[in-house]
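Peer 1: So that we are looking at the same thing, I have put the structure below in structure tokens.
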Amino acid sequence: MFSKGLAENHYIPASLASEEEYLDILQVALNFNVYTDFFKETTIIDGKLLSANANSFSDGLAFLSKGFSEDLAFNIINYHTYQNDSAQLAIIAKETIPIFTTANLPYTSFCHEEDRITLKVNYYDCYSLGDSYIYYITAYKDEDRYIINDLQWEKVNP
Numbered sequence: 001m002f003s004k005g006l007a008e009n010h011y012i013p014a015s016l017a018s019e020e021e022y023l024d025i026l027q028v029a030l031n032f033n034v035y036t037d038f039f040k041e042t043t044i045i046d047g048k049l050l051s052a053n054a055n056s057f058s059d060g061l062a063f064l065s066k067g068f069s070e071d072l073a074f075n076i077i078n079y080h081t082y083q084n085d086s087a088q089l090a091i092i093a094k095e096t097i098p099i100f101t102t103a104n105l106p107y108t109s110f111c112h113e114e115d116r117i118t119l120k121v122n123y124y125d126c127y128s129l130g131d132s133y134i135y136y137i138t139a140y141k142d143e144d145r146y147i148i149n150d151l152q153w154e155k156v157n158p
């Protein structure tokens, strides 16, 4: 695995990123907007929460593939949705992935290697006081944009 195989000293604080690297990091953050838009833009019909962005599994896959690899988009859609009796894509309310935003930049370091970037984001006091986690976000460059293709959430201490 790219992100976990790197030595700690290969990660650079986001605050020290060049302008180009900073824009790459922002692009990865913006990909999470695709995820939040998919689940935020909904309608309720017959007591079911339906996606306003996708009528079918394949529509959902196409929507999320704007920011995530097809495999990762498939896993997200498969975990969070189901086809209801009317063949519409219904959303299942359950725990979601952490959403990386620009507010997380002070806790972010990165490693940029050719057409791939891995962000390492430190989170503190997530589930209880004193706990800490590391969120690895790996994305690859596809033509002129980055596509997130791996997410890892690791507990650092109890």
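Reminder that position 69 of the sequence shown reads as 69 in our numbering, one-by-one numbering, no gaps. Cβ coordinates follow ideal geometry from the N, Cα and C atoms, glycine included.
State yes or no: is the beta carbon of Tyr107 nearer than 8 angstroms to at least one beta carbon in chain C?
Peer 2: Among the protein chains of the structure shown there is no chain C, as only one such chain exists.
Peer 1: Straight-line CA distance for Asn149 to Ser18?
Peer 2: Spanning the two alpha carbons is a distance of roughly 23 angstroms.
Peer 1: Between Ile117 and Tyr146, is the Cβ-Cβ spacing less than 8 angstroms?
Peer 2: Taking 8 angstroms as the Cβ cut-off, Ile117 and Tyr146 qualify as a contacting pair.
Peer 1: Comparing C-alpha positions only, which one of Glu114, Asp59, Asp131 sits nearest to Asn122?
Peer 2: Among Glu114, Asp59, Asp131, the Cα nearest to that of Asn122 is on Asp131.
Peer 1: Quick one: give me the first and last residue of the alpha helix (DSSP H) that Lys141 is part of.
Peer 2: Run containing Lys141: none in the alpha helix (DSSP H); it sits in the beta strand (DSSP E), 132-142.
Peer 1: So which of Leu26, Gly60, Pro98, Thr102 has the shortest CA-CA distance to Gln83?
Peer 2: For Gln83, the nearest C-alpha among the options comes from Gly60.
Peer 1: According to the Cβ coordinates, are Asn31 and Gly67 closer than 8 angstroms?
Peer 2: In contact: Asn31 and Gly67 (Cβ atoms closer than 8 angstroms).
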